[in-house]
Amino acid sequence: MSEKSNIPNLNRALPKITIPQNASRSGVIYIFSILAFIAVFCGLSFIKISISIKSLGLIRPASKIHSIRSMVNGQIKESFFLENSNVEKGQTLYTLENELNSEKEKNLQIKIDELQDYLRDLTLLVSDEILSYKFYTALYKQSFLQYQQKLHWGLTHYQKAKNDFERNKKLHNQKVITDVDLENFQFELEKANDDLKTLKQTQLNQWQSEKRNIEKEIQENKSQVGLLLKEKHYLQIVAPVTGTLQNMQGLSKGSIVLSNQELGQISPDTSLIIEAMIPSNDIGFIHIDMPVRFQIDAYNYNYWGFAAGKVLLISRDIKIIENKPVFEVRCSLDKDFLQLKNGQKVLLRKGMTLRSHFIVTERTLWQLLFDKVDDWINPNL
Numbered sequence: 000m001s002e003k004s005n006i007p008n009l010n011r012a013l014p015k016i017t018i019p020q021n022a023s024r025s026g027v028i029y030i031f032s033i034l035a036f037i038a039v040f041c042g043l044s045f046i047k048i049s050i051s052i053k054s055l056g057l058i059r060p061a062s063k064i065h066s067i068r069s070m071v072n073g074q075i076k077e078s079f080f081l082e083n084s085n086v087e088k089g090q091t092l093y094t095l096e097n098e099l100n101s102e103k104e105k106n107l108q109i110k111i112d113e114l115q116d117y118l119r120d121l122t123l124l125v126s127d128e129i130l131s132y133k134f135y136t137a138l139y140k141q142s143f144l145q146y147q148q149k150l151h152w153g154l155t156h157y158q159k160a161k162n163d164f165e166r167n168k169k170l171h172n173q174k175v176i177t178d179v180d181l182e183n184f185q186f187e188l189e190k191a192n193d194d195l196k197t198l199k200q201t202q203l204n205q206w207q208s209e210k211r212n213i214e215k216e217i218q219e220n221k222s223q224v225g226l227l228l229k230e231k232h233y234l235q236i237v238a239p240v241t242g243t244l245q246n247m248q249g250l251s252k253g254s255i256v257l258s259n260q261e262l263g264q265i266s267p268d269t270s271l272i273i274e275a276m277i278p279s280n281d282i283g284f285i286h287i288d289m290p291v292r293f294q295i296d297a298y299n300y301n302y303w304g305f306a307a308g309k310v311l312l313i314s315r316d317i318k319i320i321e322n323k324p325v326f327e328v329r330c331s332l333d334k335d336f337l338q339l340k341n342g343q344k345v346l347l348r349k350g351m352t353l354r355s356h357f358i359v360t361e362r363t364l365w366q367l368l369f370d371k372v373d374d375w376i377n378p379n380l
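Right, here's the structure in full:
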């Protein structure tokens with residue numbers, strides 16, 4: 000047998016290896032999967048996500064809503080505006096009337112005029128123009144006539160005493176009567192003179208006292224009239240600020256209004272702010288000038304996007320809302336509108352509700368993953 004025939008056939012001895020047709024495709028997918036995993040793993044350290052605190056909020060005017068109140072009692076005479084009307088500061092909203100005060104003012108004015116006549120009479124009664132005076136009132140004309148009668152009697156008595164003294168003085172000089180008799184006549188003369196002076200001074204003092212009392216009474220009545228005129232000014236209720244009427248009480252002509260009663264409210268036309276309520280366990284992350292994004296409930300944020308602003312004010316005291324402590328946070332609005340990519344705009348209005356997103360920080364995906372794993376490992380921390 001030849002040597003060649005002793006060599007085994009290698010093609011028959013080795014097993015036949017078959018390579019699947021989809022092996023190359025699986026290898027490509029495997030390689031791409033590895034590369035994608037590496038890319039995602041590397042991206043965990045570079046991709047950042049904004050971490051925010053969310054809370055409900057409300058768009059409101061920067062200035063507080065003003066109440067419309069009546070300062071006096073009265074009855075609606077005219078009403079000029081309805082709910083949601085725009086008004087300017089100083090415009091008249093209601094006019095009231097108060098018949099009781101009007102009657103009281105009329106009576107006081109009549110009383111003042113009467114007292115003024117009394118005062119004119121008394122002013123001249125205490126002066127030196129009595130005899131040439133024409134009286135304004137029957138009261139002091141009668142008083143003056145009574146005084147004249149008393150004065151005439153006093154002057155008559157004084158003149159009689161004077162005549163008696165002078166006649167008896169001559170008799171005394173002729174030694175007809177004694178010194179004691181003359182002294183008695185002299186005493187009567189001095190007494191008559193003193194009585195006359197007392198009469199004049201007493202009457203003058205009485206008129207002066209009445210004059211002061213009437214002046215005081217006139218002043219008191221004028222003060223009352225002044226108060227009524229001041230209340231009369233309040234019968235015209237005007238808008239304290241420019242804005243929009245809301246929560247009007249539906250009062251009409253003839254409606255009774257009480258002092259300090261709220262008739263409605265005015266939402267002022269000022270810049271808009273956001274008022275948000277932050278839970279007490281999140282307030283420590285909030286600070287002034289912190290950026291905030293606002294998701295307006297009325298507009299789909301997928302189309303309209305977010306409004307933006309910053310924190311303006313953080314209240315120092317808590318409020319209890321639904322039995323939960325919260326802090327009031329006020330934020331600015333960079334723009335008072337939202338806009339689509341095609342340029343269409345919608346205005347943001349007072350009273351719209353929203354969700355506030357307070358941007359606390361930015362974290363990478365790796366940091367977020369680590370935080371999650373840490374929560375799993377240490378659930379009680």
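Be aware that the sequence shown starts at 0, since it is given in numbering that gives the first Met the number 0, and climbs by one per residue.
Glycine included, every Cβ here is placed at the ideal spot set by N, Cα and C.
Going by alpha carbons, who is nearest to residue i out of the options?
i: Glu261; options: Asn72, Ile50, Lys76 and Ile30; result: Asn72
i: His151; options: Phe134, Thr122, Gly56 and Asp194; result: Asp194
i: Gln205; options: Gly342, Ser84, Met70 and Val125; result: Val125
i: Ala307; options: Glu209, Asp296 and Lys334; result: Lys334
i: Gln145; options: Phe164, Lys199, Asn322 and Leu227; result: Lys199
i: Asn85; options: Gln343, Phe164, Ile358 and Pro267; result: Pro267
i: Leu118; options: Ser270, Phe79 and Ser208; result: Ser208
i: Tyr157; options: Val175, Ile213, Gln185 and Ala191; result: Ala191
i: Lys88; options: Met351, Arg348, Leu244 and His286; result: Leu244
i: Leu234; options: Ser32, Asn97, Leu55 and Phe79; result: Asn97
i: Ser78; options: Lys349, Gln343 and Val237; result: Val237
i: Leu95; options: Gln148, Ile75 and Glu102; result: Ile75
i: Thr155; options: Val179, Leu188 and Lys174; result: Leu188
Excluding sequence positions up to five away, which residues of its chain have a Cβ less than 8 angstroms from the Cβ of residue i?
i: Ile111; result: Ile217, Asn220, Lys221 and Val224
i: Pro324; result: Pro278, Ser279, Ile317 and Lys318
i: Thr122; result: Lys210
i: Ser51; result: Arg292, His356, Phe357, Ile358 and Val359
i: Gln115; result: Ile217
i: Phe134; result: Asp120, Lys140 and Phe143
i: Lys159; result: Ala191
i: Leu250; result: Ile75, Ser78, Tyr93, Val256 and Leu262
Pull up the DSSP beta-bridge partners for residue i, would you.
i: Glu327; result: Met276
i: His171; result: Its beta-bridge partners do not exist; DSSP assigns none.
i: Thr352; result: Leu57
i: Ala306; result: Phe293
i: Val345; result: Leu337
i: Leu312; result: Arg329
i: Ile317; result: Phe326
i: Ser66; result: Gln264
i: Ser51; result: Ile358
Return the chain-ordered list of same chain residues with a C-beta closer than 6 angstroms to the C-beta of residue i, the five sequence neighbours on each side being excluded.
i: Asp373; result: Note on Asp373: pLDDT 44, under 50, position unreliable in the model; no value is reported.
i: His65; result: Pro239, Val240 and Ile265
i: Ile282; result: Phe326
i: Lys344; result: Phe336 and Gln338
i: Leu99; result: none
i: Leu271; result: Ile58, Leu332 and Asp335
Sorted by chain position, which residues of the same chain lie with C-beta nearer than 7 angstroms to residue i's C-beta, five sequence neighbours on each side aside?
i: Leu181; result: Asn167, Lys168 and His171
i: Glu327; result: Glu274, Met276, Ser314 and Lys318
i: Gly153; result: Asp194, Leu195 and Leu198
i: Gln108; result: Val224
i: Phe305; result: Arg292, Phe293 and Gln294
Measure the C-alpha to C-alpha separation of residue i and residue j and round it to an integer number of angstroms.
i: Asn389; j: Gln338; result: Outside the displayed span of the chain (0 to 380) sits residue 389, for which this structure offers no information.
i: Glu230; j: Leu57; result: 39 angstroms
i: Ile313; j: Cys330; result: 9 angstroms
i: Ser254; j: Arg59; result: 31 angstroms
i: Ile28; j: Met289; result: 46 angstroms
i: Leu257; j: Ser69; result: 7 angstroms
i: Gly263; j: Met247; result: 4 angstroms
i: Thr269; j: Ala297; result: 21 angstroms
i: Lys53; j: Ser62; result: 25 angstroms
i: Ile320; j: Leu311; result: 22 angstroms
i: Gln384; j: Glu82; result: In the structure as shown, the chain begins at 0 and stops at 380. Residue 384 is therefore absent and cannot be evaluated.
i: Lys161; j: Leu203; result: 25 angstroms
i: Asn183; j: Glu214; result: 46 angstroms
i: Asn379; j: Trp303; result: For Asn379, the predicted structure reports a pLDDT of 47, less than 50, and the residue's modelled location is therefore unreliable. A value from the coordinates is still provided. Roughly 41 angstroms between the two C-alpha positions.
i: Asp163; j: Phe186; result: 11 angstroms
i: Ser101; j: Leu353; result: 52 angstroms
i: Lys349; j: Phe284; result: 27 angstroms
i: Gln147; j: Leu227; result: 42 angstroms
i: His232; j: Gly242; result: 23 angstroms
i: Asn106; j: Leu346; result: 57 angstroms
i: Glu165; j: Ala137; result: 42 angstroms
i: Lys252; j: Phe80; result: 12 angstroms
Any beta strand (DSSP E) of 3 or more consecutive residues that is wholly inside the segment 205–270: 235–237, 242–245 and 261–267
Secondary structure, alpha helix (DSSP H): runs of 4+ residues fully inside the segment 68–132: 98–124
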